[in-house]
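The listed protein sequences correspond, in order, to chains A and B. Going by the working numbering, 55 is the number at position 55 of the first sequence; the sequence numbering is gapless. Going by the working numbering, 85 is the number at position 85 of the second sequence; the sequence numbering is gapless. Just so it is clear, CB atoms sit at the ideal spot from N, CA and C, and this is done for glycine as well. First up is the structure itself, then whatever we jot down about it.
There are 2 protein chains.
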Amino acid sequence: MKDEKTEDHILNAAERVFQRKGMDGARMQEIANEAGINKAMLHYYYRSKRFLFEAVFTKAFSLIAPEINKVVNDDTDLFEKIRDFTYSYISFTQKHPYLPNFIIQELNRDSDFINVLQTKKGFPDFRKFQAQVEKEVRDGKIRSIKAEQLFIHLLSLNIFPFLAAPLIKGFLKINDRTYKQLMEERKEEISNILINHIKVKE
Amino acid sequence: MKDEKTEDHILNAAERVFQRKGMDGARMQEIANEAGINKAMLHYYYRSKRFLFEAVFTKAFSLIAPEINKVVNDDTDLFEKIRDFTYSYISFTQKHPYLPNFIIQELNRDSDFINVLQTKKGFPDFRKFQAQVEKEVRDGKIRSIKAEQLFIHLLSLNIFPFLAAPLIKGFLKINDRTYKQLMEERKEEISNILINHIKVKE
DNA sequence: GTCTATAACTAGATAGAC
DNA sequence: GTCTATCTAGTTATAGAC
Numbered sequence: 001m002k003d004e005k006t007e008d009h010i011l012n013a014a015e016r017v018f019q020r021k022g023m024d025g026a027r028m029q030e031i032a033n034e035a036g037i038n039k040a041m042l043h044y045y046y047r048s049k050r051f052l053f054e055a056v057f058t059k060a061f062s063l064i065a066p067e068i069n070k071v072v073n074d075d076t077d078l079f080e081k082i083r084d085f086t087y088s089y090i091s092f093t094q095k096h097p098y099l100p101n102f103i104i105q106e107l108n109r110d111s112d113f114i115n116v117l118q119t120k121k122g123f124p125d126f127r128k129f130q131a132q133v134e135k136e137v138r139d140g141k142i143r144s145i146k147a148e149q150l151f152i153h154l155l156s157l158n159i160f161p162f163l164a165a166p167l168i169k170g171f172l173k174i175n176d177r178t179y180k181q182l183m184e185e186r187k188e189e190i191s192n193i194l195i196n197h198i199k200v201k202e
Numbered sequence: 001m002k003d004e005k006t007e008d009h010i011l012n013a014a015e016r017v018f019q020r021k022g023m024d025g026a027r028m029q030e031i032a033n034e035a036g037i038n039k040a041m042l043h044y045y046y047r048s049k050r051f052l053f054e055a056v057f058t059k060a061f062s063l064i065a066p067e068i069n070k071v072v073n074d075d076t077d078l079f080e081k082i083r084d085f086t087y088s089y090i091s092f093t094q095k096h097p098y099l100p101n102f103i104i105q106e107l108n109r110d111s112d113f114i115n116v117l118q119t120k121k122g123f124p125d126f127r128k129f130q131a132q133v134e135k136e137v138r139d140g141k142i143r144s145i146k147a148e149q150l151f152i153h154l155l156s157l158n159i160f161p162f163l164a165a166p167l168i169k170g171f172l173k174i175n176d177r178t179y180k181q182l183m184e185e186r187k188e189e190i191s192n193i194l195i196n197h198i199k200v201k202e
C-alpha cells in the first residue's frame, strides 16, 4: 500500500473491476468501494467512466506488450525464444489472470482501439521477428514457414487454454487442480510441437 | 422470413444483439428494434433479460456442440478427424462470426453456467475421443500423447486466431483481406502441424 | 482534495387499453 | 398478442459544502 497517491489507488481498483467485469459490466460504485473512497473522486481524477476505462486498458496493454516484444523484438535464438515465451507465459497469467481475456474481449467490442495503441511507444513491431524467421529459412536452419503463421501458432497454443478454461474444464470434466497440471505439462508439449514443426528433417 | 412466429423473431434478434454486445452491453430496446417490435413483447415472451439471454446462450451452445462432437464423439480415423475439423471450422465461423467469442466471453463472466449445459443432451462427451487416442497409442499408430493435450492443441490453433483477430491484425499491421488469406493458409498448416506431431517417426 | 447530496438520464419491467 | 405509457431502480455525472 505504502504512500500511494489516490489517483493510483483508483487506477488499481479500476483495473481489478474492469478486468473482472468488462467495460459494460463494471460499475463506478464498485470501483469506488474497491478503492475505499467515494464515487465523486473517480470523476475528479478521471472525468468519466470512459476515460478511466481507457487508462486501465492502456496500462493493461503496456503490461502485455513486453511479453510480445520478447518474441518479436529480441535478438535471442528462435528455438530459445519459443521455449522462453512458452515457459514464462504461464507465470505471467498467474500474476495477471484476467488480463489476456480483458484485452481480447474489449478489442472485439471496439476494434478501432488497436489503432490508438499502435501509435504508442513500445507497441510490438513484428518486422524484426519476420526478418529473423526469413533469415533462418534462407540459411536452411529451419524449414520454410511464414513468420506470421509461426507467430499465430505460438500465441494460440499458449493463450487460448487460459481464455477458454471454463469451457475446456467443462468438456474434459476436470477440476481446477487437474487443469493446472495440464497447463504445466503444456510448457514442454508446446515447445516441442513448435520446435519440431520448424526443425529441418534430416 | 416466411411465417416465422414472433417468439422466433425475438430470439433471432436477441442472438444478433447479445452476440455483438454481450449480456451487459446489450439493450432490450435494441433487441426490440432489431426484431421490429416493441420492448413489452420481449417480456411477454421471455419474462426478463436474463431468461432471454439464457435462451440465446443455450441455442448458441447447441450450434457449437455438434462441431465439437465431430471430434470427440465420432468413429472416423484420428488423422482424418483433425483435418476435417480444421477445414470445416473456418466455414463455421463464417456462418457464425460472433459465436465462439460470445460463448467464451460469457462463460468467463459466469463460469457456473457450464454446469447447466453439461446436463443437456448433446453436450460433448470426451471419453470416446480419449479412448480412441489411447488405443492408437497402444497400437503404436501414433506416438505417446495425452488426449487432453491433443484436444486443446486442436481447439487452440483453430479458434484463437478468430478470437484475437483484431489484436493479431494490429500486431502484423495487415488488413482484413490479408488476414483472411492467412486463415485460409492455416487449414493446411494446422493439419500438418498436428498430424506430424502425433505421427510416429520412422 | 474529499465528502454528501442530488440532478439527469437510462434501462428493465409492468399496467392496462385495444 | 400487441401496443403505448409509465413506474421503479439504478447509473453516470455534477454541485457545492468543508
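Can you list, in chain order, the residues of its chain whose CB lies under 7 Å from that of residue i, leaving out five sequence neighbours each side?
i: A:M1; result: For A:M1, the predicted structure reports a pLDDT of 46, less than 50, and the residue's modelled location is therefore unreliable. The matter cannot be settled from this model.
i: B:L52; result: A14, L42 and Y46
i: B:M225; result: One cannot answer for residue 225 of chain B here, as it falls past the ends of chain B, which runs 1 to 202.
i: A:K285; result: Absent from the model: residue 285 of chain A. The displayed extent of chain A is 1 to 202, so no value can be given.
i: B:V17; result: A26, E30, I31 and E34
Where do the N-terminal and C-terminal ends of the alpha helix (DSSP H) with residue i fall, by residue?
i: B:V17; result: T6 to G25
i: A:H153; result: A147 to L163
i: B:Y87; result: L78 to K95
i: A:F123; result: Here A:F123 belongs to no alpha helix (DSSP H), and DSSP marks it neither H nor E.
i: B:Y46; result: K39 to Y46
i: A:D58; result: It should be pointed out that residue 58 of chain A corresponds to Thr in this sequence rather than to Asp. Element bounds for A:T58: K49 to V72.
i: B:S144; result: Premise fails: B:S144 is in no alpha helix (DSSP H) and is neither H nor E.
i: B:S191; result: D176 to I198
Apart from the five residues just before and just after residue i, which ones in its own chain have a Cβ nearer than 6 Å to its Cβ?
i: A:K201; result: none
i: A:F79; result: I195
i: B:N38; result: A32
i: A:T93; result: F162
Residues of chain A with CB under 7 Å from residue i, in chain order?
i: B:D24; result: G22, D24 and G25
i: B:S111; result: P166
i: B:P161; result: I152 and S156
For a contact meaning CB atoms closer than 7 Å, what does residue i contact in chain B?
i: A:N108; result: N101 and P166
i: A:I104; result: L163, A164 and L167
So, at 8 Å on beta carbons, what are the nonlocal neighbours of residue i in its own chain, with the 5 sequence-adjacent residues on each side left out?
i: B:K21; result: R27 and E30
i: B:I145; result: V133, V137, H197 and I198
i: B:D176; result: K169
i: B:V56; result: L11, A14, E15, F18 and Q19
Residue i versus chain B: which residues are under 8 Å apart at the beta carbon?
i: A:K173; result: Q118 and F126
i: A:G36; result: Those do not exist, as A:G36 stays about 25 Å from chain B at its closest Cβ, beyond 8 Å.
Determine the chain B residues that contact residue i at a beta-carbon separation under 9 Å, and present them in chain order.
i: A:L182; result: K146, E148, Q149 and I152
Which chain A residues are close to residue i, counting only those with a beta carbon under 8 Å from its beta carbon?
i: B:R186; result: Q149 and I152
i: B:I114; result: P166, L167, K169 and G170
Contact list for the segment 57 to 81 of chain A against chain B, Cβ threshold 8 Å: I68 and V72
Stretch pair the segment 130 to 140 of chain A + the segment 58 to 70 of chain A: three plus CB contacts closer than 8 Å: no
Counting Cβ pairs closer than 8 Å, one from the segment 182 to 193 of chain B and one from the segment 72 to 92 of chain B, do we hit at least three? yes
Below 9 Å between beta carbons is the criterion; list the residues of the segment 187 to 199 of chain B that meet it against any residue of chain A, in chain order. E189, I190, N192, I193, L194, N196 and H197
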